[in-house]
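Read in order, the letters of the sequence shown are residues 1 to 258 in full-length UniProt numbering.
In this text, a Cβ means the ideal position worked out from N, Cα and C, and glycines have one as well.
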Amino acid sequence: MIEILNSTELPRAKEAGALVADILQTMKSRSAVGTNLLDIDQWVKAMIVGAGAVSCYVDYEPSFGRGPFGHYICTSVNDAVLHGLPHDYTLADGDLLTLDLAVSQGGIAADSAITFIVGESKAPESVALISATERALSAGIAVAGPGARIGDISHAIGTVLSEAGYEINTEFGGHGIGSTMHQDPHISNTGRPGRGYKLRPGLLLALEPWVMVDTAVLVTDADGWTLRSATGCRTAHSEHTIAITDDGAEILTLPTTT
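1. Residue ranges of each beta strand (DSSP E) run of no fewer than 3 residues wholly in the segment 95-172, ordered along the chain?
2. From Glu120, Gly174, Gly147 and Glu167, pick the residue whose C-alpha is nearest to that of serine 154; which is it?
3. Here's a check: name, in chain order, each residue in its chain whose Cβ is nearer than 8 Å to the Cβ of alanine 92, leaving out the five neighbours to either side.
4. What are the boundary residues of the alpha helix (DSSP H) that includes threonine 22?
5. Which complete beta strand (DSSP E) runs does the segment 160-242 hold, if anything under 3 residues is left out?
6. Starting from leucine 82, follow its DSSP beta bridges and name the residues at the other end.
7. Between the segment 169-184 and the segment 96-109, are three or more C-beta pairs nearer than 8 Å?
8. Taking the C-alpha atoms as reference points, what is the distance between glycine 165 and threonine 8?
9. Given 8 Å as the limit, is there contact between the segment 63-70 and the segment 189-208, that is, 3 or more CB pairs closer than that?
10. One question on the structure: do leucine 99 and leucine 19 come within less than 8 Å of each other, judged by their Cβ atoms?
11. How big is the Cα-Cα spacing for serine 121 and isoleucine 2?
12. Does isoleucine 251 come out as helix, strand or coil in the three-state DSSP assignment?
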């Protein structure tokens, strides 16, 4: 299903996006050396419930997971990159932490992810990973607009990631979003320009470039959810939900405060 929002639904999408972004920024500020992933999950739950919103993850049970997910946020550390199941782990200095969050408010969902380094140790490899995904995300957003095609976004993202020297996995990528978290169209992190669905005003897309240092192969943890690099290398993931407008694209998942 590809869903096009109308003028009354877009304000609710903006509210959901701002909530997601604010929660992620709050969790980033609280994620220090010694913080437990399970505490992050509970803090997120409290913020979602306090806002009168609904988690997209607690009851999430797709074919590729061992569901339901049962938690409120994905917490992926170091070699984990996607669908990190919160567990009893205490963050250490230099850990690379990805927080991925989707929330529904007023019946519209928004989805975003950030990767950052915990503590004071800033390994160049980790800094480079984060930078590549953020630049790829910006490139994808820059080409999104009415009349553009999904392949244009994929090509823009893939060009940045490839030029940075990373292999690209095409199993998981971006997606449409709206009244449900995951919708068509699928947005691969590499592709050919001029191909695929033509973008229209009112379409919401979640763009999410992610990479691993030296592989494109994923392995699944025993928890049935957490996806890690097959070589144990570090990973990073950046994501925004955007709305296609009459003259371009608007990022919905920007925090209201910094």
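Concretely, from the data shown:
1. 96-105 and 108-117
2. Gly174
3. Val33, Val118 and Gly119
4. According to the sequence displayed, residue 22 carries aspartate and not threonine. Aspartate 22 -> alpha helix (DSSP H) spans 10-30.
5. 174-176, 183-187, 204-207, 210-212, 218-220, 227-229 and 235-237
6. Leu227
7. yes
8. 43 Å
9. no
10. no
11. 43 Å
12. strand
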